[in-house]
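Please read the structure below before turning to the comments.
Numbering (our numbering), first residue to last: 6 to 440.
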């Protein structure tokens with residue numbers, strides 16, 4: 006009896022062949038290429054670059070404290086009536102005044118701490134920029150490996166479909182010779198149908214994963230490309246928690262940013278304290294007045310050395326200093342809290358990595374056993390020693406084992422990147438080049 010294949014499966018097979026041809030012609034984008042591309046397309050990186058530039062301007066602001074000042078003031082006065090004495094206007098009816106002032110600060114105790122404040126703020130934002138870049142690159146790694154996993158799942162589904170189709174052909178041949186009943190053939194056809202649907206789902210998931218990746222790296226959604234497994238994967242030199250934590254204290258940019266913020270808070274307090282210091286400046290005043298008088302001359306200039314010191318401002322500066330002391334305490338607490346969370350993060354990441362490493366070998370053995378079990382039952386079914394149900398169960402177990410192994414393998418590689426991320430060394434070559 007010839008087997009009738011539904012029209013849907015014929016159309017699906019045509020689509021699969023077309024998809025294969027398209028994938029073969031696609032441009033392959035490596036993980037490194039994807040990571041480089043995201044540096045130019047991730048808006049968060051550009052936003053943080055602006056934050057770093059803004060913070061760097063605080064260094065220039067410090068120098069403005071002792072930069073020269075130029076002022077111009079004008080006034081018009083009109084008393085109720087002119088006042089005269091001895092026939093001359095002591096207070097004229099109308100008076101126009103203009104004064105041009107040039108002031109050059111000579112000493113102000115806020116300059117150097119304000120400059121150090123700007124340097125600390127710039128350093129903090131630079132570390133935040135590096136951390137933002139690192140986070141964006143790690144997210145690309147996760148999405149890229151999800152695409153790799155989906156790609157591998159397509160291959161597994163294709164293998165399962167090939168095996169299921171072979172079982173259908175074998176069962177059909179045995180049915181034609183009268184060795185088995187029609188129900189045995191129908192069961193194999195059901196398995197083949199399920200395998201086809203799984204393959205369609207796997208290919209759709211692969212396309213979705215590629216779409217997500219293309220969005221993250223700034224490529225048009227309709228761009229055809231493929232992914233490939235990286236040749237080199239990070240490998241931790243040690244699994245010692247204390248050694249890894251020590252490395253994180255040196256490498257983590259978020260921790261370095263918090264330390265710079267604490268330094269900035271210290272310098273801000275110094276700036277506030279030095280507002281009580283005296284200041285010294287040189288002032289040049291040039292006046293114009295119409296009409297002039299005996300005591301106030303028109304087109305008259307003077308130079309003076311001016312010292313200023315405010316003894317009491319109502320308590321506003323004292324309150325500002327107390328507030329800044331509290332901010333310094335907060336900065337120190339944030340550093341200690343971050344150090345503890347980093348230690349916990351490294352420990353959790355390390356345990357996940359070790360668990361995946363230990364389980365991987367077990368899952369490999371499960372796949373080997375599943376393959377042997379399927380092969381044995383398939384051969385036994387060919388001579389009537391096993392039923393199609395036995396073969397179907399073995400085939401499903403093999404498909405699940407292969408799927409779990411692929412998932413475990415890619416999870417393990419991502420976990421290695423995750424450990425590098427927790428330490429703060431991930432993608433340092435790209436980040437240092439970017440900075």
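Ideal Cβ placement from N, Cα and C applies to all residues, glycine included.
For clarity, every value in this text was computed on a predicted model and none was experimentally measured.
C-alpha gap between residue i and residue j, whole angstroms
| i | j | result |
| --- | --- | --- |
| residue 201 | residue 372 | 21 Å |
| residue 468 | residue 63 | The first residue shown for the chain is 6 and the last is 440, placing residue 468 beyond what the model contains. |
| residue 24 | residue 342 | With a pLDDT of only 47 at residue 24, under the threshold of 50, the placement of this residue in the model should not be trusted; the figure read from the coordinates follows. Cα to Cα, residue 24 sits roughly 52 Å from residue 342. |
| residue 140 | residue 275 | 34 Å |
| residue 437 | residue 240 | 20 Å |
| residue 401 | residue 180 | 23 Å |
| residue 223 | residue 133 | 22 Å |
| residue 171 | residue 182 | 17 Å |
| residue 261 | residue 305 | 57 Å |
| residue 12 | residue 420 | Confidence in residue 12 is poor, its pLDDT being 34 and thus under 50, which makes the residue's placement unreliable; the coordinate value appears in the next sentence. One C-alpha to the other measures close to 44 Å. |
| residue 199 | residue 206 | 11 Å |
| residue 86 | residue 322 | 45 Å |
| residue 392 | residue 204 | 25 Å |
| residue 333 | residue 263 | 11 Å |
| residue 295 | residue 303 | 7 Å |
| residue 212 | residue 418 | 22 Å |
| residue 16 | residue 208 | Low confidence applies to residue 16: its pLDDT is 35, below 50, so where it sits in the model is not reliable enough to give any reading. |
| residue 376 | residue 424 | 33 Å |
| residue 80 | residue 101 | 6 Å |
Test item: CB-CB of residue i and residue j under 8 Å
| i | j | result |
| --- | --- | --- |
| residue 156 | residue 238 | no |
| residue 148 | residue 218 | yes |
| residue 57 | residue 131 | yes |
| residue 337 | residue 126 | no |
| residue 266 | residue 347 | no |
| residue 230 | residue 34 | yes |
| residue 221 | residue 146 | no |
| residue 244 | residue 359 | yes |
| residue 279 | residue 118 | yes |
| residue 415 | residue 186 | no |
Residue of the options minimising C-alpha distance to residue i
| i | options | result |
| --- | --- | --- |
| residue 404 | 97, 160 and 130 | 160 |
| residue 82 | 51, 97, 265 and 186 | 97 |
| residue 120 | 90, 73, 271 and 170 | 271 |
| residue 397 | 188, 112 and 87 | 188 |
| residue 227 | 432, 434, 425 and 32 | 32 |
| residue 103 | 320, 409, 293 and 39 | 293 |
| residue 77 | 378, 291 and 429 | 291 |
Quiz item: Is there contact here, the region 64 to 76 with the region 243 to 254, by at least three beta-carbon pairs under 8 Å?
Solution: no
Exercise. Could you name each continuous beta strand (DSSP E) segment of 3 residues or more that falls completely within the region 98 to 169, going from the start of the chain to the end?
Key: 100 to 112
Quiz prompt | Sufficient close CB pairs (3 or more, under 8 Å) joining the region 38 to 58 to the region 101 to 109 | solution = no
Quiz item: Okay, do the region 354 to 372 and the region 163 to 171 touch, 3+ Cβ pairs below 8 Å being the bar?
Solution: The region 354 to 372, when compared against the region 163 to 171, does not touch it at the 8 Å Cβ threshold.
Quiz item: Hey, which unbroken runs of the alpha helix (DSSP H) at 4 residues or more fall wholly within the region 201 to 287?
Solution: 246 to 256 and 258 to 278
Quiz item: So does the region 379 to 387 actually touch the region 276 to 293, counting three or more Cβ pairs closer than 8 Å?
Solution: no
Quiz item: Could you give the uninterrupted runs of the alpha helix (DSSP H) lying entirely in the region 391 to 440, keeping only those of 4 residues or more?
Solution: The DSSP assignment places complete alpha helix (DSSP H) segments of no fewer than 4 residues inside the region 391 to 440 at 393 to 428 and 433 to 439, in order along the chain.
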